Every structure is written in structure tokens, then in C-alpha cells.
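In my numbering, the protein residues as written are 13 to 409. This report refers to the structure that appears directly beneath it.
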């Protein structure tokens with residue numbers, strides 16, 4: 013079969029992993045990035061040329077912590093499938109099985125430049141279930157999946173103690189939550205050492221963490237809860253990722269020394285509960301300056317996913333380096349999700365998941381002009397009508 017080639021020419025290319033290229037060229041062959049260079053890059057005859065002069069070409073943004081498709085926009089109770097708060101330990105649950113690709117938020121994501129996301133179970137359960145990494149474009153979940161599972165969701169702090177304490181059940185305290193987690197991890201460790209002969213889906217899921225195949229995704233806000241997360245990780249030797257990390261700046265040196273990534277967010281929300289009382293847009297800059305690898309996330313639908321980039325812009329306003337901000341929207345979350353070999357930067361061999369912006373994405377007046385997934389255009393903005401078009405269908409985010 014003859015190869016299909018497309019070249020984006022004339023724009024400012026931001027590969028993320030390399031320096032920006034003015035008047036650059038990105039050559040795509042059969043949905044993969046074949047070459048990246050300046051205007052002198054040879055373009056084979058028969059290549060489709062896309063002139064992006066005046067625009068900026070970036071990899072699709074990645075939001076590592078969302079509830080896309082499991083907490084559907086505008087659907088209320090009927091579309092809420094993200095938090096099965098009926099028993100404290102539900103590692104067997106898969107966010108994958110609750111996702112509706114028809115959720116309107118997937119189109120919002122694309123219009124906002126977010127072409128990939130991590131979808132997590134909710135945070136009522138101490139161990140909530142398996143996260144999935146997926147593209148935001150596709151008719152079925154199978155089309156969209158990048159990695160399943162990509163992590164195991166766990167929660168410390170207020171949410172589990174509120175969910176079960178209100179029912180008069182364990183855990184109703186922070187020590188109870190830690191005990192539920194510790195007991196499950198101990199059972200899984202024993203399960204690995206001495207298989208019973210039967211399959212336990214909860215313990216199979218936790219075993220993936222103990223074998224180092226996926227990270228432990230720890231929902232946590234307060235500094236003392238982050239310390240508990242570190243303590244549990246030390247006890248059982250798993251790879252830890254801090255999700256939310258509202259007070260992570262208090263332990264920035266510890267997290268940096270241990271190379272524990274922090275998925276920070278949501279950032280543009282009120283102080284809705286006690287453990288978020290120190291929420292600050294300055295935290296991203298503080299963590300990055302200390303050497304912590306940060307990602308910025310919306311926790312959609314807490315912050316609508318199309319506003320992901322604006323959270324980074326406001327963090328830059330409060331001290332975060334702009335180049336680091338773009339890494340926190342692309343290669344860093346892709347790494348956390350375990351898909352940085354495929355997306356997150358404009359590098360040869362990676363999937364051609366790209367967005368053409370009208371200008372600097374950290375400028376709130378700029379927009380996504382076109383989005384491409386595996387080299388195919390899935391979105392464009394129609395300036396005459398002032399609407400976004402998905403495969404020719406109008407959409408106003």
C-alpha cells in the first residue's frame with residue numbers, strides 16, 4: 013500500500029523535547045511523525061502540504077487526571093459513573109468500563125487542544141480502581157485507548173472518611189483509611205507469594221502495582237496525607253504518583269529527591285474543603301523550582317477540560333517558567349500515563365497527534381485552529397461562522 017504523507021510548513025514548531033523551530037516543517041507518514049526540521053527539510057513529491065504560516069504547532073495537550081466520559085457533562089445522575097462508593101476496596105473496577113465516548117466534554121477537550129487524557133475512578137474509596145489513558149477522539153473506547161490500565165487509583169484524606177464515616181462504617185478516620193489500604197496491599201503481597209489457585213480480581217489489580225507494571229495514583233491534598241502516601245510506598249515498594257498535591261510544596265524537597273511526580277490541580281477553583289485551604293497558583297512554580305516533575309490537570313469536570321491550558325497560563329503569571337508549563341501539559345503527563353513513547357512531544361516515530369494554534373497557547377486570546385489525531389484532521393475552527401467543526405459538524409464549546 014502506498015504511503016500517505018502530509019507536511020506542515022511555515023509555522024513555529026514547539027517539539028517540547030527540543031528547542032522551538034521557526035519556519036519549521038513537520039513531515040507525517042502513515043499517521044507517524046517521520047521528520048522534523050526547518051524550512052530546508054526535504055519534502056517528498058506527492059506530499060500534501062498544510063501551510064501553517066503564522067501559527068504554532070504543538071503536540072496535543074495531555075490531561076493526566078480527569079473523569080471524562082464517566083462523569084458526563086449535562087447528564088446529572090444518569091451520567092455519573094465515576095465513583096462506586098459502596099465498599100472501600102474496589103481495585104477490580106476499571107474506569108474504561110464506565111466511559112461514554114459520546115460525552116460532550118470529549119469535543120470540548122479537542123477544541124481546547126487536549127488530545128489525550130487519563131480517566132480515573134473517583135476518590136470516595138481508599139482503593140477506587142484502575143485508570144485508563146486514552147485519546148479524546150474516537151467512536152468507541154477501543155478506538156481511543158492508549159494504555160489500559162495506566163495506574164491504580166487510591167485516595168487519602170477527607171473523601172473516604174466522609175463517604176464511609178457518614179455510613180458508620182470503616183474507614184471513618186485517616187488511620188482507618190490507611191489501614192484499609194495497608195490490609196489490601198498486604199493481601200496482594202501474600203497473593204503474589206502464595207497463589208491460592210483461584211483468581212481474585214482486586215488482588216490481581218493491586219499486583220500490577222507491586223510488580224511495578226503500573227503506578228499507584230494517590231489522591232491526596234494535605235501535607236500530612238502526602239507523608240502517609242510516602243510511608244505506604246516505602247512499606248510496599250511501589251511507584252508513587254501524587255495526584256492533586258495541594259500542599260505538596262511543603263514537601264517539595266522530599267518529592268524531588270525521590271523523583272515522585274506530582275499531578276497538580278484543579279487550580280482555578282475555590283477552597284471547597286478544609287484540605288484545599290492552601291490551594292495556590294504559586295504551587296506549580298515552587299514545585300518545579302525544587303526539581304519536582306509536575307503535570308497540570310483539570311480533574312474534569314471540576315474544571316472544564318478546555319480550560320487546562322489556562323490553568324498553566326495563570327501558573328506562569330505566578331512564577332512558573334513558560335517552557336516548564338508546556339512540559340506540564342504534554343510530555344510530563346504523557347510520562348505519568350506511560351504513553352510518552354507515543355505522544356507528548358513532536359519527535360520522529362511518535363504518533364502524529366498535533367494541534368495548530370493561532371499563536372502562543374499560553375496567551376488566552378489564542379485558540380486551536382486545527383487538531384490532528386494520527387495525522388487525520390478531526391477538528392478545525394471556522395472563523396467566518398465562529399464555530400468549531402468536527403468532521404464537518406458544528407460545535408460551539
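Built from N, CA and C at the ideal position, the CB exists for glycine as well. Just so we're clear, the structure is a prediction, and the values are computed from it rather than from any experiment.
Quick check on the burial criterion: 16 or more other C-beta atoms within 10 angstroms. Buried or exposed for residue i?
i: residue 30; result: exposed
i: residue 103; result: buried
i: residue 138; result: buried
i: residue 348; result: buried
i: residue 327; result: buried
i: residue 339; result: buried
i: residue 270; result: exposed
i: residue 257; result: buried
i: residue 255; result: buried
i: residue 178; result: exposed
i: residue 187; result: exposed
i: residue 34; result: exposed
i: residue 307; result: buried
i: residue 207; result: exposed
i: residue 211; result: exposed
i: residue 209; result: exposed
i: residue 385; result: buried
Using 7 Å as the threshold, is the C-beta distance between residue i and residue j below it?
i: residue 411; j: residue 278; result: Here the chain comprises residues numbered 13 to 409, so residue 411 is not present and cannot be evaluated.
i: residue 156; j: residue 163; result: no
i: residue 75; j: residue 129; result: yes
i: residue 318; j: residue 124; result: yes
i: residue 140; j: residue 173; result: no
i: residue 288; j: residue 233; result: yes
i: residue 122; j: residue 153; result: no
i: residue 367; j: residue 26; result: no
i: residue 181; j: residue 142; result: no
i: residue 168; j: residue 237; result: yes
i: residue 83; j: residue 92; result: yes
i: residue 200; j: residue 215; result: yes
i: residue 41; j: residue 15; result: yes
i: residue 73; j: residue 126; result: yes
i: residue 331; j: residue 291; result: no
Considering just the uninterrupted stretch of the beta strand (DSSP E) at residue i, what are its terminal residues?
i: residue 128; result: 126 to 131
i: residue 20; result: 17 to 25
i: residue 231; result: 228 to 232
i: residue 394; result: 388 to 394
Closest to residue i by CA distance: which of the options is it?
i: residue 262; options: 231, 114, 302 and 225; result: 302
i: residue 192; options: 240, 220, 212 and 158; result: 240
i: residue 280; options: 264, 305, 304 and 309; result: 309
i: residue 66; options: 372, 322 and 384; result: 372
i: residue 315; options: 337, 335 and 284; result: 284
i: residue 396; options: 229, 381, 390 and 215; result: 381
i: residue 49; options: 242, 256 and 358; result: 358
i: residue 108; options: 250, 160 and 190; result: 160
i: residue 44; options: 362, 392, 63 and 388; result: 362
i: residue 79; options: 46, 55, 115 and 71; result: 115
i: residue 21; options: 332, 36, 133 and 15; result: 36
i: residue 133; options: 187, 201 and 77; result: 77
i: residue 94; options: 135, 299, 63 and 369; result: 135
i: residue 99; options: 196, 330, 86 and 41; result: 196
i: residue 275; options: 265, 260 and 286; result: 260
i: residue 364; options: 350, 389 and 68; result: 389
i: residue 218; options: 243, 186, 251 and 235; result: 251
i: residue 334; options: 306, 355 and 374; result: 374
i: residue 64; options: 56, 58, 345 and 51; result: 51
i: residue 190; options: 248, 119, 158 and 356; result: 248
i: residue 350; options: 321, 205, 273 and 28; result: 273
i: residue 320; options: 345, 403, 224 and 17; result: 345
i: residue 85; options: 46, 243, 369 and 117; result: 117
i: residue 268; options: 305, 243, 370 and 290; result: 305
i: residue 356; options: 369, 246 and 341; result: 341
Just reading off the alpha helix (DSSP H) that residue i is part of, what are its end residues?
i: residue 311; result: Premise fails: residue 311 is in no alpha helix (DSSP H) and is neither H nor E.
i: residue 176; result: 170 to 177
i: residue 188; result: 186 to 205
i: residue 295; result: 295 to 302
i: residue 219; result: 213 to 222
Within the 7 Å Cβ cut-off, does residue i reach chain D?
i: residue 42; result: No chain D appears in this structure, which consists of one protein chain only.
Start-end ranges of the beta strand (DSSP E) lying completely within the segment 57 to 95, minimum 3 residues
Counting only runs of 3 or more, we get 60 to 63, 68 to 71 and 73 to 78.
Minimum length 4: unbroken alpha helix (DSSP H) runs contained in the segment 246 to 292:
Listed in chain order, the alpha helix (DSSP H) runs fully inside the segment 246 to 292 are 264 to 269, counting runs of at least 4 residues.
Could you tell me which whole beta strand (DSSP E) segments of length 3 or greater appear in the segment 314 to 386?
Listed in chain order, the complete beta strand (DSSP E) runs (minimum 3 residues) inside the segment 314 to 386 are 366 to 369 and 380 to 385.
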